[in-house]
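Residue numbers (our numbering), protein chains in the order written: chain A, 3 to 502; chain B, 3 to 502.
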């Protein structure tokens, strides 16, 4: 998930000054309400050394009622702690009803530093994923709100910060040999953090990854996330509890109370000017199509199942892209599965049911033209399923894809990205062209009107479901040639990687 | 858990005739209601070959609307199934909303026969526990009711049945070499079944273990469990959904609609006539106290934490028993922790918090005079916590104890059992004896009036939380001498076993 983090996110002083103070006041107010409602709150800060956890915690407690929180700095276990079960020292520190427990490092130590530094055997830290999930689940079931932050900076940024601290009279004492040692193991820690995020981001205790290059950005993002989570917990407590809806009726779309202050998404990182000239396009496409045919055959021989997901904006060119990708393949080896709104038996089952039904045999390729991600895209934006349900879906989808991965599948997920302006041009063109007019419907215009909502939904989807075993690729699709070659290439490379 | 199953449970024809027909009618009615409510129902039958799964399923479907159910017999995977992820064939078979899917064998194949017969590597079946839990959780979160039965018979009984079938003209074809091969591996299957029950009995998909020696008993038990579960699912759907109560108010105790038809519990298996003559008592006690002192020291040296739980009827003699057990020990090595109703900080935290706080250091012994089991005893019976909460607690407690086990702890859990008549005698005696009068309070009389409710609660507690790593021992406590020696001995043996 971490490779999707946009580390350049920042907030200038003017924007910061405008949002931060009201946010802090709101948080203070929420804390009082949470206190009165008797909801225990656990806030976990994990992340790189020097990423700014301390600053964030300082700002956080600067404004809330000191009787209502406690900060726990978790270092190496004491002798007393070593002699007890791992979770002992954390259970002891859980907040009482209405209190807030703020953890600077936490029970994740075991799967981060203790794992990387080989302080415990593999068997032990592997088992901890379950123990930790169970622990958090028990607290959540008991009504605890759990909010977890991973403060993320690049290796270079970490080095800069450590060096700067070393040169400071006031901070140099804080940089130890241990910090530098950990810095040199950045890659190993990154790997551990990735696995931690994948395995412990649950519906009841989700991680929020925060790009931590800019301190102002971090503060606002952390405060905002926490305030939103507290508000949700309060709503859930006071509103007539939402019944679990097995088949939610189509209702008015739920809109967020306010657009988040930070509107930059993972999509903004892609360079939409990328293009391929016709001749180059033909050469490249031909090359990758041939390669795909070889790989298709090798996957067949080696019994490797391949699953490709196409998602993207309306008119981004999914259909044409798929046609080019399969252009060179043997049709006996693949199938293209178009997905529209569920009807009949599909609607009468769990939403994953129809996708499980379409899982290819080992050795075959299934290309989904839209997919299970509808749950967190259209169903979320259009209010077709309860908020509970789509929030839970990120975890469910990660587990689903993990099962496919365990069964040996190659998973490739492509988001075809175009600009809003470009979409309009394409819609207009479709309307003008008789042979394409059928492609443009009222739904398309309605979706377009919700562009902003979709943008956020896409951001959440990509950041929360891009895993080591099933990463997302944002394909710049402003130029169709570029996008087609890119799609073919990403798929080919993933297949080749798996066969290696 | 399986060692707590009373395989002698049976129902005579008269009792059976009286309850079975109404139960079947009730089930048929419930099925219609569930259908109308759109609740998908999954019923899983696992258990020994020849334990009577087929008979049960036949009876079950004999009365319900054939449009509403489907029976899935799960054997070896087909070629098509082998080529897909393990869960594929089960996902395909999940029932639609309102339908009932009945599984004769199921996804548990992997952790039973495929495990024992080494059809898959250890890594794969170990991972399946998680995959299975996730699968069931997704269905449950989507509103599916999941009811799982393990039909249990002894090795001898299985042999008898296989032999009888072989001699029958109509059934001999059903007994294969494979069945006999599996029979010979009864021990290995038992071990696999134990681990399966421990790891996959979750609040959202609990196992019901059914003593299957007597067919009539099985039918009634299965029908009754299923009817109760369906009723609960319907209630949850129609009632204004119970909000998660972080701090439930003390309310009127929830009583079951009807006492279950089968009132025999695990407690009824103990032989309350057991006793020790004074002289023998003194010799034995002396012997075990000396042994415990040695073991205490060895555990200290080897840094083994020991946790002892005393539960039992009021006036069963817990206090006196504990005094004798620690009689020979070095007081620096143990502590006795008396538990009463939570107040103050204890009440303001998760119910497990105060027990975590009291976990002994490695090398030390903690003896709990009453314990976390209050959650599923007094809190359940007196309605001090929501039904949701105590039902969830079995799983939570098993996970809690698993954490202790992983940390190397010896876990000994004793239920001190006396008869109702004997309790009355002891109460009266306490009232007559000035020095003991303080021991008897109104609470004791109130609890006594709820004897039947407690009996069921104790049964559920023992059957659902007796695990391989933390088994329960029912100590016959009608004779205090017997009970004291027994308590000391069980503890000593568990410690010695761990040190071996």
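Glycine included, every Cβ here is placed at the ideal spot set by N, Cα and C.
Just to confirm the assignment, what range does the beta strand (DSSP E) spanning residue i have?
i              : result
residue 476(B) : 474-478
residue 147(A) : 147-154
residue 337(B) : 336-340
residue 109(A) : Residue 109(A) -> no beta strand (DSSP E), and no H or E assigned at all.
residue 313(A) : 308-314
residue 93(A)  : Unbroken run through residue 93(A) is the alpha helix (DSSP H), 90-93; no beta strand (DSSP E).
At what residues does the alpha helix (DSSP H) containing residue i begin and finish?
i              : result
residue 429(A) : 422-434
residue 294(B) : 280-303
residue 346(A) : 346-350
residue 447(A) : 444-451
residue 182(B) : 179-186
residue 321(B) : 320-328
residue 369(B) : Taken as a continuous stretch (DSSP letters only), residue 369(B) belongs to no alpha helix (DSSP H), being part of the beta strand (DSSP E) at 367-371.
residue 210(B) : Taken as a continuous stretch (DSSP letters only), residue 210(B) belongs to no alpha helix (DSSP H), being part of the beta strand (DSSP E) at 209-213.
residue 484(B) : 482-501
Classify residue i as buried or exposed, calling it buried when 16 or more other Cβ atoms lie within 10 Å of its own Cβ.
i              : result
residue 467(A) : buried
residue 172(A) : exposed
residue 496(B) : buried
residue 405(B) : buried
residue 427(A) : exposed
residue 479(B) : buried
residue 37(B)  : buried
residue 401(A) : buried
residue 151(B) : buried
residue 347(B) : exposed
residue 3(A)   : buried
residue 87(A)  : buried
Assuming the contact rule is C-beta atoms closer than 8 Å, residue i and residue j should be a hit. Round their C-beta distance to whole Å, please.
i              : j              : result
residue 148(B) : residue 206(B) : 7 Å
residue 109(B) : residue 89(B)  : 7 Å
residue 469(B) : residue 200(B) : 5 Å
residue 336(A) : residue 369(A) : 6 Å
residue 164(B) : residue 181(B) : 6 Å
residue 425(A) : residue 494(A) : About 28 Å separates the two Cβ atoms, so there is no contact after all.
residue 67(A)  : residue 34(A)  : 7 Å
residue 418(A) : residue 492(A) : Not confirmed; about 12 Å, so no contact.
Express the C-alpha separation of residue j and residue i in angstroms, rounding to a whole number.
i              : j              : result
residue 384(B) : residue 55(B)  : 37 Å
residue 232(A) : residue 437(B) : 54 Å
residue 431(B) : residue 112(A) : 55 Å
residue 376(A) : residue 448(A) : 16 Å
residue 50(A)  : residue 304(B) : 37 Å
residue 338(A) : residue 325(A) : 9 Å
residue 158(B) : residue 191(B) : 14 Å
residue 274(A) : residue 378(A) : 24 Å
residue 386(A) : residue 452(A) : 14 Å
residue 330(A) : residue 18(A)  : 52 Å
residue 362(B) : residue 355(B) : 14 Å
residue 512(A) : residue 146(A) : This structure does not reach residue 512(A), given that chain A is present from 3 up to 502, and the question cannot be answered.
residue 360(A) : residue 129(B) : 23 Å
residue 390(A) : residue 366(A) : 35 Å
residue 197(A) : residue 136(A) : 17 Å
residue 20(B)  : residue 10(B)  : 20 Å
Leaving out five residues before and five after residue i in sequence, what residues of the same chain have Cβ atoms less than 7 Å from its Cβ?
i              : result
residue 500(A) : 306, 412
residue 73(A)  : 59, 63, 104, 106
residue 245(B) : Bear in mind that the predicted position of residue 245(B) carries a pLDDT of just 40, short of 50, making it unreliable; the figure below should be weighed with that in mind. Excluding sequence neighbours, residue 245(B) sits near nothing in its chain.
residue 220(B) : 54, 58, 153, 212, 214
residue 118(B) : 187, 190, 191, 194
residue 399(A) : 374, 467
residue 40(A)  : 99, 100
Within its chain, find whatever has a CB closer than 6 Å to the CB of residue i; leave out the 5 residues flanking it on each side and keep chain order.
i              : result
residue 107(A) : 76
residue 6(A)   : 268, 464, 465, 468
Note down, in chain order, each residue of its chain lying with its Cβ closer than 8 Å to the Cβ of residue i, except the 5 sequence neighbours on either side.
i             : result
residue 95(A) : 72, 74, 103, 105
residue 15(A) : 218
The region 318-339 of chain B: positions lying closer than 8 Å to chain C by Cβ: Given the protein chain composition of this structure (A and B), no chain C is represented.
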